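Novice:
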Ligand SMILES: [Zn+2]
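In the numbering used here, the protein residues as written are 8 to 256.
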């Protein structure tokens, strides 16, 4: 009996050690009890002091590392139920704001392996800016302290294809006008300028991200000044659906 008890104990210790090493827990291990403290990196909501200590370069490096975890299917296990309760008590101090397309295949928080309270997300088909989105980005950085702005386009974007094809349909007609400058920026492309040509669609998508970055810097004095003072970084990225990786532009 004693030997069995020791063996059971050793197996339990080995399982715990393995979980600690990999940063993963079993389903059973996820069941936190009332009053348990949250592991610091798996459900903790960033505080004002922690946000203030971060530099824009650190946040960008962390987001790149987070995308590596995401694309290698090593996403952090998070305890959202507990985190939800934490968010109700201490305000929000996110590290970054991401302007993404509407696309359902681009889960923004997961793409950067971030949790509740870590990132503001603005979404519009074609990830362009207008006054409302610029105001949202300014709020995220100037008022709420975010250190990084990421404009993220993606592969196989329907909005980009719609702009290339000059689609006229309801409110989409006006919306797609915001993407047309990127089509113009791509006129030097030598191959087939069609929404069926993936290489061309990719070029227009990247030019659209570059145009959005330009619009942010030229139209928002607040963000331009914050970037010049090194208080924030503004970056563009292209998301590849096939493997979940990002190409920073
Ligand atoms: Zn899209």
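Using N, Cα and C, we set each Cβ at its ideal position, and we do this for glycine too.
Predicted model only: the values in this text are computed from it and were never measured.
1) Quick check on this structure: which residue in 89, 134 and 63 has the alpha carbon closest to the alpha carbon of residue 101?
2) If we count the other Cβ atoms within 10 Å of its Cβ and call it buried at 16 or more, is residue 226 buried or exposed?
3) Is it buried or exposed, residue 120, if we count other Cβ atoms within 10 angstroms and call 16 or more buried?
4) Between residue 61 and ligand 1, is the CB less than 8 Å from at least one heavy atom?
5) Listed in chain order, which residues are found with a beta carbon closer than 5 Å to a heavy atom of ligand 1?
6) Distance check for residue 60 and residue 134, CA to CA, integer angstroms please.
7) Please report whether the beta-carbon of residue 74 lies at a distance below 9 Å from any beta-carbon of chain C.
8) Within the continuous alpha helix (DSSP H) that includes residue 119, where are the two ends?
9) Would you kindly report the start and end of the unbroken alpha helix (DSSP H) that includes residue 169?
10) Measure the C-alpha to C-alpha separation of residue 192 and residue 212 and round it to an integer number of angstroms.
11) Which of helix, strand or coil does DSSP assign to residue 40?
12) Can you check which of these residues, 138, 169, 237 and 52, is closest to residue 89 by C-alpha distance?
13) Would DSSP call residue 160 helix, strand or coil?
Specialist: Looking at the atomic coordinates:
1) 63
2) exposed
3) buried
4) no
5) 108, 110, 164 and 166
6) 29 Å
7) Among the chains of the structure shown, chain C does not appear; only one protein chain is present.
8) Run containing residue 119: none; DSSP gives neither H nor E here.
9) 165-171
10) 10 Å
11) For residue 40, the predicted model reports a pLDDT of 46, less than 50, meaning its position is unreliable; a value from the coordinates is still stated below. Residue 40 falls in the coil class under three-state DSSP.
12) 52
13) strand
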